[in-house]
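In the numbering used here, the protein residues as written are 2 to 78.
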């Protein structure tokens, strides 16, 4: 029975990693979409919008990396 719990831990870590990657991809896609709309409406604010978009995408990637690390730690424990 010990092996079955170990297998479920790996399965849960795999699902968790997939959900984290999916959430990060959707979040960055939404940021890029709204940034392109904003640049289309006000082209003179493109530099400000682009900088804000890059910072927000980096923060989302940081949270996603943290989630992936947690899933790996669950898998190897």
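Cβ atoms here follow ideal geometry from the backbone N, Cα and C, with glycine treated the same way.
Inset, instruction - Quick one: give me the first and last residue of the alpha helix (DSSP H) that residue 65 is part of. - result: Note, residue 65: alpha helix (DSSP H), 47-77.
Inset, instruction - Return the chain-ordered list of same chain residues with a C-beta closer than 7 Å to the C-beta of residue 28, the five sequence neighbours on each side being excluded. - result: Counting only residues of its own chain and dropping the five nearest sequence neighbours on each side, residue 28 has a CB closer than 7 Å to the CB of 61.
Legend entry - Residue environment, residue 73, which counts as buried when at least 16 other CB atoms sit within 10 Å: Looking at its Cβ environment, which holds fewer than 16 other Cβ atoms inside 10 Å, residue 73 is exposed.
Legend entry - Cβ pair count under 8 Å reaching 3, the segment 37-54 against the segment 3-18: These segments do not touch.
Legend entry - Neighbour-count burial assignment, residue 1, 16 or more Cβ in a 10 Å radius: Residue 1 lies beyond the range of the chain shown here (2 to 78); nothing can be said about it.
Inset, instruction - Keeping to the same chain, check which residues put their C-beta closer than 7 Å to that of residue 57; ignore five residues upstream and five downstream. - result: Residues 32 of the same chain have their beta carbon placed closer than 7 Å to that of residue 57, with the five preceding and five following residues left out of the count.
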